[in-house]
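For reference, the structure is listed below as structure tokens.
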Amino acid sequence: MEIYLPIAEMSVHWLVLLGMGAAVGFLSGMFGVGGGFLLTPLLIFYGVPAEVAVATTASHLTASSMSGAVAQWRRRVIDFKMAGVMLAGGLAGTIVGVQLFALLRRVGQADIVISAGYVILLGSIGGLMLNESLRALRAAKAATTQPAAERHNWIHGLPLKMRFRTSRLYISVIPPIVLGFIVGILSSILGVGGGFVIVPAMIYLLRMPTSVVVGTSLVQIVFVTAMTTILHAASDFSVDIVLALFLILGGVIGAQYGVRIAARMQGEMLRLLLAVLVLAVGARLLYGLVITPRELYTVAVGMP
Amino acid sequence: MRRLIASLALCALASGASAEDLVSGLSQDQIQITSNYAGTDIVVFGAIESPETSETAGGIRDVVVVVRGPDADFAVRRKARVAGIWINRNKISLYGMPAYYYAASTRPLSKIASADTLAQYQIGLANLRPKGESTRSPRKGEPFRLAAIRLRERQKLYAEAPAGVEFLGYSLFRVRVPVPASVATGEYAVQVYLFRDGNVVSAQTTPLFVDQIGLERRLFRFAHGRPYAYGLATVAVAMLLGWGSSFLFRKQA
């Protein structure tokens, strides 16, 4: 049965929608990532307008990170104070990002900026991950010694310090706010949750205990993507609730299988696979930017 | 539908007009596209009132039916390669182009009338011209106009049907107009032209109101009419589903 997507203005078979959600859910369950960086390009490849893909993926991420956040909350491993501070920056970043996105749409460059942004993001993250996982696989054979983490870095010199009990930290609020702000912009322009940026930053920059990082970042992602959804809906009417619904349902189903598969696989191997996948999506987007398009013209209605 | 044909036929027979005249009607003058995901069809009926019969008729008679959607403004952009990457470079706005256009005829348009006549009545895709352009140079605007027509054709929002007018007998005709689901709502104009030997001898315009109903349309209206509430509703649904699915996971764990 064909489903008409009221905002994307296209008819798609419901199985295709469910399948896309399940595929992304499977991968995100398998790798423990939100999957926004896969879902947005996938929707664009399928012909969903870029702005609808970005905004709708944000609502999909609200659902998937909510699911994860609830699970973490049950284990009491969330630093709500830290999440709140990051969220202050995140919401500001979202507001700026959505305005920026609207401006890009007006000048007709939104699609190109989204693609180019993804190429840079996926290229650098995929490259880093590939490098790291290859090194880890090699190191697994030889004995390794972890380099001692330096106790103090430049972060500790910043003013406006605050105590975060759950994380057992006494640090300036500036880095978490800036971090949240960056993620807010990424979320609103590229339709990603930004977990792959904040999780490493929380561990290596803020030096938060690894146990609270996942839950705290998930809480932050729930609210940043929720804000992104609302602001996109308000500023450029690009959230497709029907599309979101099918993607979320598919995602829930897919994620369960992904988690099961992941349990049977070696961690380093999983990361290598994810790196290859990230690089492949990036390469496909880069290819789309550089090949001569079959149709040079585009027409937008109602935005002269 | 059958009743309409009958009444039109009666009309055609009853009026003993000396000149040829047109009577046309729509299956409905207000179209409500219901929850039809793949779009819908509207039917235009018509009859030619003529004192002559098929035996006495001379010359060549043609019917052209044009359905024109409400005016819309198009922003047409052309990509160009900048530093190895294809980006949107030039933009020309076309003001007052029909949001939807469908021209059905008994034969290919070029065989029915001269190019000048067709251009005068804006019949045929090639003769669709904007009411205004953002460029003063028609030479510069032309490729953008043609591209806009080509793209709308690909979206099935512009079309020509060279054999789309179907005659049921000598004077009754019928046209099936496909309306895709993504069509604009508003006031449409159904223009019926009767050509004889390449000249328009009669024309009639009927307004048609296109409105979409059904769940998708209501969601569209909700999204555009109360965007903040719509955004909040989407987030609420997403959060509930996410929260619900966390139970699913826990049970399985």
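The listed protein sequences derive, respectively, from chains A and B.
Position 88 (the first sequence) corresponds to 88 in the working numbering; numbering is contiguous.
Position 7 (the second sequence) corresponds to 311 in the working numbering; numbering is contiguous.
Think of the CB as a built atom: it goes at the ideal place given N, C-alpha and C, for glycine as much as any other residue.
Since the structure is predicted, the reported quantities are computational estimates derived from the model, not experimental observations.
Same chain, Cβ closer than 7 Å to residue i, neighbours up to 5 away in sequence not counted
i               : result
M66 of chain A  : V222
I44 of chain A  : A50 and A53
G21 of chain A  : F246, L247, I248, L249, G250, G251 and G254
G96 of chain A  : Before going further, note that residue 96 of chain A is Val rather than Gly in the sequence given. Counting only Cβ-Cβ distances below 7 Å, and skipping sequence neighbours, we find I185.
E446 of chain B : none
A8 of chain A   : V48, P49, V52, D240 and L243
V469 of chain B : V367, V369, A408, S409, T410, F477 and V479
A92 of chain A  : F181 and G184
W14 of chain A  : M1, I3 and F246
S506 of chain B : E324, D325, L326 and L498
Whole-angstrom C-beta distance between residue j and residue i, which should lie under 8 Å
i               : j               : result
K435 of chain B : G400 of chain B : 3 Å
R393 of chain B : R382 of chain B : 6 Å
V348 of chain B : L330 of chain B : 6 Å
F181 of chain A : G84 of chain A  : Contact flag wrong, Cβ pair sits at about 14 Å.
V224 of chain A : L39 of chain A  : The pair is not a contact, with the Cβ atoms about 16 Å apart (cut-off 8 Å).
G123 of chain A : L190 of chain A : Their Cβ separation, rounded to whole angstroms, is 13 Å, which puts G123 of chain A and L190 of chain A out of contact at 8 Å.
F499 of chain B : I389 of chain B : With a Cβ gap of about 50 Å, F499 of chain B and I389 of chain B do not count as contacting.
L137 of chain A : E268 of chain A : 5 Å
V98 of chain A  : L231 of chain A : 4 Å
Cutoff 6 Å; reference residue i; Cβ partners in own chain excluding five residues on either side
i               : result
P147 of chain A : Here P147 of chain A scores only 48 on pLDDT, less than 50, and its place in the model is too uncertain to base an answer on.
T145 of chain A : Confidence at T145 of chain A is low in this model, with a pLDDT of 46, below 50, so the placement of that residue is unreliable and no value is reported for it.
A321 of chain B : Low confidence applies here, because A321 of chain B scores a pLDDT of 38, under 50, leaving its location unreliable; read the following figure in that light. Counting only Cβ-Cβ distances below 6 Å, and skipping sequence neighbours, we find E353.
L158 of chain A : S172 and I174
L286 of chain A : V119
V504 of chain B : Y497
F448 of chain B : V380 and I396
A537 of chain B : none
R163 of chain A : Y170
G215 of chain A : Q72, V77 and I78
Pair within 7 Å by beta-carbon distance, residue i and residue j
i               : j               : result
D79 of chain A  : T166 of chain A : yes
A226 of chain A : T62 of chain A  : yes
T56 of chain A  : L243 of chain A : yes
E437 of chain B : L398 of chain B : yes
T228 of chain A : V239 of chain A : no
V380 of chain B : A451 of chain B : yes
A542 of chain B : S59 of chain A  : yes
I203 of chain A : V192 of chain A : no
R456 of chain B : D345 of chain B : no
V219 of chain A : A69 of chain A  : yes
V539 of chain B : V371 of chain B : no
E520 of chain B : P6 of chain A   : yes
G535 of chain B : A110 of chain A : no
A23 of chain A  : S550 of chain B : no
V278 of chain A : G34 of chain A  : no
A275 of chain A : M129 of chain A : yes
Cut-off 8 Å between Cβ atoms - residues of its own chain near residue i, not counting five sequence neighbours on either side
i               : result
A533 of chain B : F526
L413 of chain B : V368, A407, L422, I427, G428, E464 and P466
A270 of chain A : Residue identity check: residue 270 of chain A is Leu in the sequence provided, not Ala. Correct list, in chain order: M30, F31 and A262.
F513 of chain B : D333, Q334, I335, G490, E491 and Y492
Q459 of chain B : P484 and S486
A557 of chain B : In this prediction, A557 of chain B has a pLDDT of 46, which is less than 50 and means its spatial position is unreliable; what the coordinates show is noted afterwards. Within the same chain, A557 of chain B has no close Cβ partners at all.
I112 of chain A : L289
V178 of chain A : G89
G19 of chain A  : G250
Residues sharing a beta bridge with residue i, DSSP
i               : result
R106 of chain A : DSSP lists no partner for R106 of chain A.
E457 of chain B : Beta-bridge pairing links E457 of chain B to no other residue.
N131 of chain A : Its beta-bridge partners do not exist; DSSP assigns none.
Q336 of chain B : B:D515
R478 of chain B : B:F349 and B:E470
H13 of chain A  : A:E2
D375 of chain B : B:P402
V368 of chain B : B:S409 and B:Y497
Q508 of chain B : B:V496
T56 of chain A  : Beta-bridge pairing links T56 of chain A to no other residue.
E437 of chain B : B:L398
Y297 of chain A : B:R382
V8 of chain A   : Reading off the sequence shown, one finds Ala at residue 8 of chain A, where the question assumed Val. Its beta-bridge partners do not exist; DSSP assigns none.
E491 of chain B : B:F513
S28 of chain A  : None, per the DSSP bridge assignment.
S486 of chain B : Partner(s): none; S486 of chain B has no beta bridge.
heavy atom of the ligand PLP below 6 Å from residue i C-beta
i               : result
L455 of chain B : Ligands displayed in this structure: none; no statement on the ligand PLP is therefore possible.
Check your understanding: Taking the runs of the beta strand (DSSP E) that are 3 residues or longer, which of them lie wholly in the stretch 382-434 of chain B?
Key -> 389-402 and 405-409
Practice item. Could you pull out every unbroken alpha helix (DSSP H) segment of at least 4 residues lying fully inside the stretch 225-289 of chain A, listed in chain order? Key: 241-264
**Study point:** beta strand (DSSP E) runs contained entirely in the stretch 153-210 of chain A, provided each spans 3 or more residues
**Key:** 161-164 and 169-172
**Study point:** Ranges of the alpha helix (DSSP H) found wholly within the stretch 67-125 of chain A, counting only runs of at least 4
**Key:** 80-106
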